[in-house]
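Read the structure below first, then the notes.
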Amino acid sequence: MAVAGLGQTAGWLIEQVLLIAGLPRQGWLWPVGSVVGSTLIAVPAGLLTAIPRSPAIRAAGRAWFLGALALGVLGLVRAIPIAQSEPYLGTLTLVAVVGGVVLRRFTALRFEGSAQPSARLLAIAAGLAALLPWLALAGLGGALETALAVTAAAAVGGLAGEILNVDFWAPYAEPRRPSGRPSAVRLVLVGGLVAGVALVLLAAGVGPAGVQLAELIVLPPTALAAAALQRVAGPTGRGGTFLSPGAGRSNVAVRWLVALAALGPLAFTDPEEITLVLLAHDVPYWAAIAALGSFAAVLVVGVAYAVAFGRTLGVRIATPLAAGLALVLGLAGVAVYLGPGHPGLHGERLFVVLRDQADLGAIPATTGAGGRADRVRAVYRMLVAHAERSQAPLRHELDRLHLRYTPYYLVNAIEVHAGPELRPWLARRADVDRILYSQRLRPLPAAPSVMHGDQPAPDRPQWNVNMIEADRVWSELGVDGSGVVVGSSDSGIDGTHPALRDGFRGGSDSWYDPWNATRTPTDGGGHGTHTLAIAVGRGGVGVAPGAQWVGCVNLGRNLGNPAHYLDCLQYMLAPFPAGGDPFADGRPERAPHVLTNSWGCPTTEGCDAGVLRPAIAALRAAGIFFVAAAGNTGPFCGSIDDPPAPYADTFTVGAVDRRGRVTDFSSRGPAPGAAKPDLVAPGAHVLSALPGGGYGELDGTSMATPHVAGVVALMWSANPDLIGDVDATARILRETARAAQPSQNGDTCGAEANVAGAGIVDAYAAVRAAKARG
30 MAVAGLGQTA
40 GWLIEQVLLI
50 AGLPRQGWLW
60 PVGSVVGSTL
70 IAVPAGLLTA
80 IPRSPAIRAA
90 GRAWFLGALA
100 LGVLGLVRAI
110 PIAQSEPYLG
120 TLTLVAVVGG
130 VVLRRFTALR
140 FEGSAQPSAR
150 LLAIAAGLAA
160 LLPWLALAGL
170 GGALETALAV
180 TAAAAVGGLA
190 GEILNVDFWA
200 PYAEPRRPSG
210 RPSAVRLVLV
220 GGLVAGVALV
230 LLAAGVGPAG
240 VQLAELIVLP
250 PTALAAAALQ
260 RVAGPTGRGG
270 TFLSPGAGRS
280 NVAVRWLVAL
290 AALGPLAFTD
300 PEEITLVLLA
310 HDVPYWAAIA
320 ALGSFAAVLV
330 VGVAYAVAFG
340 RTLGVRIATP
350 LAAGLALVLG
360 LAGVAVYLGP
370 GHPGLHGERL
380 FVVLRDQADL
390 GAIPATTGAG
400 GRADRVRAVY
410 RMLVAHAERS
420 QAPLRHELDR
430 LHLRYTPYYL
440 VNAIEVHAGP
450 ELRPWLARRA
460 DVDRILYSQR
470 LRPLPAAPSV
480 MHGDQPAPDR
490 PQWNVNMIEA
500 DRVWSELGVD
510 GSGVVVGSSD
520 SGIDGTHPAL
530 RDGFRGGSDS
540 WYDPWNATRT
550 PTDGGGHGTH
560 TLAIAVGRGG
570 VGVAPGAQWV
580 GCVNLGRNLG
590 NPAHYLDCLQ
600 YMLAPFPAGG
610 DPFADGRPER
620 APHVLTNSWG
630 CPTTEGCDAG
640 VLRPAIAALR
650 AAGIFFVAAA
660 GNTGPFCGSI
670 DDPPAPYADT
680 FTVGAVDRRG
690 RVTDFSSRGP
700 APGAAKPDLV
710 APGAHVLSAL
720 PGGGYGELDG
730 TSMATPHVAG
740 VVALMWSANP
750 DLIGDVDATA
760 RILRETARAA
770 QPSQNGDTCG
780 AEANVAGAGI
790 VDAYAAVRAA
800 KARG
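The sequence shown: position 150 = 179 (our numbering), numbered continuously.
Here it is as structure tokens:
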């Protein structure tokens, strides 16, 4: 139990460290770990099958040996990437079925007679009790994913029935009493304990990384109920007959009980989200609550069975009574699923990237306030026309099949509201370049808590504002960002916060929430409020307090997907009224000037390296300055890897501390095809606004990024002729930057520019240079 439980927990924690560090998951980690753990358990367990004379000890050795083999073999399936849930579940089903067939042949098992119907029904009732917390707290994935979870759980239950077959239970009956029944105490306490250990080993191999931790909680206590059910699991005939050794039959009660218990974590836990500990009450938290609830429910049922079937009358339980108990628990499951539960399917969608992407090379590079508006309008019209023309054949086929979809133009792509069952058909089309998964979040019982600040409003500009000398821009140059609009795509924005309330541009096209369809600026996390206030907040926290802002929600529970990232990027190119059509109702003349983006799209969210590249290139072609965070996966070199940070058209920002030294967490270059980061800015212990009117300090390149966006707003406010001239603006930012201090770990990643870019952004020098161009 220690080897299996601690080994699986350690493997999950290692993946967490890799994830936090921005390092790729190691595909060999789980298979190798499972084989090593299996070997460490199987060798001593195998000795117990041959050396001791006691049949009970040999039965324990056999069950543990087979459980260890199941751990090793099923653990190999985790080599399938975490995002490919359907292939994993299908392979798990196949491997578990083959394992059960092999065991049956190896042990010469034969089906002789049939189990008591009451035992099967009581096992179903206990399994439904284990399933109740999952029905109440969690949501299902897609149709195919759910169906495969059912088959995988059934296969795992079948494998458990072969491991804990009738021959396993027989030795735990004390010498026969005149009634022919085993001792309930020995059968339940000793046999149940031994079976529970075997189920620990089996559970350790079941489910993707993270899901198996829930299985380790859910499956072992089912052994108590399974042991008690052996009192009513005999062949049809005289009730309560316990099978003698050598009967050689798979245990039907164990199969049903384990299958239903295993179904909860397999079907109701999103394998992508359980690997991400992002918030206090996110998926891992609720999965743990459901697993503990399942543990308690099946333990109560097991104790009740043990007490009831320790009596003569209990052994002779009538089938109608067992059927009634199963029916009551089944109806309870339906009630909690339709009531406090989350009915429906919540699987991933398909993000179909088309082969023909728009060429914007003919767009004139006009600058200045008027010229930039014409430029944005030209980009918008060209992208929309190209998407409508090139997407027409695929849209026609989707309409013919009555499939829902969402088209996009900033990247020529379509999100199809269907699961992986449609992928082979789409992949065969000549107009399709590639197909990605667009992750959907499964519902939670309660929304995660929102960050709130516990510090009062500052009475003077903060250290970070002073470091980049933005306060001198206000006082000496008379520039505060007026006339410029900054766009933020993030977790949302608290539009009522004193630091942001008066800067909201307003109108029907200044706020968009594709996640929750809120109509006014709202922040479901706090991250977005904090970052935007650094760019444009008033009261000493923001770099360009005179600038206006617009916002979009591209993160739900700190997670995104390619489609929602594009929803917000399209909105920034051509805002539209609430409920409007991005293709027909876009208002490119209302596009913000500068975009601050403190997010990245890793593979766990469905992105690949190039999926957002056409979108960022189009924004640049439109003269919109796009600033993005480098990421927080330093000090590893080459860690600027999640889109859009590595793109040449992105102005990428790393972080420094109060002393001007690059922080250890700030991601480093080199990035493929581009020198990154471009600049660094304050990103450690930065005080800014948080939802609810308070203030608090946060760390990250997320905090550094809006400093640069705010400086661009100051530059364009100081010299409107510079608006839309992304190249000249970027050049001024680099040329006026101040040198950063070497990072604490001393690694330059091949060149200091790969750590600090051109240096620390200098607002005062940049604005003076911008004014001089006039």
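We put the CB at the ideal spot given by N, CA and C, even for glycine. Quantities reported herein were computed from a predicted structural model and do not represent experimental measurements.
For residue i, I'd like the list of residues in its chain whose CB is within less than 7 angstroms of its CB, leaving aside the five on either flank, ordered along the chain.
| i | result |
| --- | --- |
| leucine 52 | Phe665 |
| alanine 785 | Gly683, Val691, Val709, Ala769 |
| alanine 89 | Leu77, Val223 |
| valine 755 | Arg649, Gly652, Phe654 |
Check whether the Cβ atoms of residue i and residue j lie closer than 9 angstroms to each other.
| i | j | result |
| --- | --- | --- |
| alanine 154 | alanine 296 | no |
| alanine 782 | threonine 730 | no |
| leucine 289 | glycine 156 | yes |
| serine 717 | histidine 559 | yes |
| leucine 95 | isoleucine 86 | no |
| valine 565 | serine 539 | no |
| tyrosine 724 | alanine 499 | no |
| proline 720 | methionine 480 | yes |
| leucine 152 | leucine 286 | With the sequence shown as reference, residue 152 is identified as alanine, and leucine is not the correct amino acid for it. A contact, by the Cβ cut-off of 9 angstroms. |
| glycine 629 | alanine 658 | yes |
| leucine 242 | alanine 320 | yes |
| glycine 557 | isoleucine 522 | yes |
Would you identify the three-state DSSP class for residue i, choosing helix, strand or coil?
| i | result |
| --- | --- |
| serine 717 | strand |
| serine 273 | Note that serine 273 scores a pLDDT of 36, beneath 50, so its modelled location is shaky and nothing firm can be said. |
| asparagine 783 | helix |
| arginine 384 | coil |
| tyrosine 805 | For residue 805 there is no data in the structure shown, the boundaries of the chain being 30 and 803. |
| threonine 525 | coil |
| phenylalanine 612 | coil |
| arginine 763 | helix |
| cysteine 597 | helix |
| aspartate 531 | helix |
| arginine 471 | coil |
| proline 200 | helix |
| proline 313 | helix |
| threonine 551 | coil |
| arginine 133 | helix |
| proline 162 | helix |
| arginine 814 | Nothing about residue 814 can be reported from this structure: the residues present for the chain run from 30 to 803 only. |
| aspartate 756 | helix |
| arginine 210 | Residue placement at arginine 210 is poorly supported in this model, since its pLDDT is 49, which falls under 50; the coordinates still yield a value, given next. Three-state result, arginine 210: coil. |
| isoleucine 80 | coil |
| proline 711 | strand |
| arginine 149 | helix |
| aspartate 750 | helix |
| arginine 378 | strand |
If I follow the unbroken alpha helix (DSSP H) through residue i, where does it start and stop?
| i | result |
| --- | --- |
| glutamine 420 | 397-429 |
| arginine 452 | 452-456 |
| isoleucine 497 | Unbroken run through isoleucine 497: none, as it is neither H nor E. |
| histidine 371 | Careful: histidine 371 lies outside any alpha helix (DSSP H), inside the beta strand (DSSP E) at 371-374. |
| glycine 96 | 84-104 |
| glutamine 241 | 240-247 |
| tryptophan 285 | 281-297 |
| valine 582 | Valine 582 -> not in any alpha helix (DSSP H); beta strand (DSSP E) instead, spanning 577-582. |
| isoleucine 789 | Isoleucine 789 -> no alpha helix (DSSP H), and no H or E assigned at all. |
In its own chain, which residues sit with a C-beta less than 6 angstroms from the C-beta of residue i, not counting the 5 before and 5 after it?
| i | result |
| --- | --- |
| isoleucine 43 | none |
| methionine 496 | Pro711 |
| alanine 613 | none |
| alanine 646 | Asp678 |
Can you list, in chain order, the residues of its chain whose CB lies under 8 angstroms from that of residue i, leaving out five sequence neighbours each side?
| i | result |
| --- | --- |
| glycine 104 | Trp59, Pro60, Gly62, Ser63, Val64, Gly66, Ser67, Ala233, Gly234 |
| glutamine 420 | Leu383, Pro436, Asn441, Ile443 |
How would you write the range of the beta strand (DSSP E) that residue i sits in, first residue to last?
| i | result |
| --- | --- |
| valine 737 | Here valine 737 belongs to no beta strand (DSSP E); instead the alpha helix (DSSP H) covers 730-747. |
| glutamate 444 | 442-445 |
| glycine 516 | 514-519 |
| glycine 725 | 724-727 |
| threonine 625 | 623-626 |
Please give the ranges of any beta strand (DSSP E) in the segment 641-707, keeping only runs that are unbroken, at least 3 residues long and fully inside the region. 654-658, 680-685
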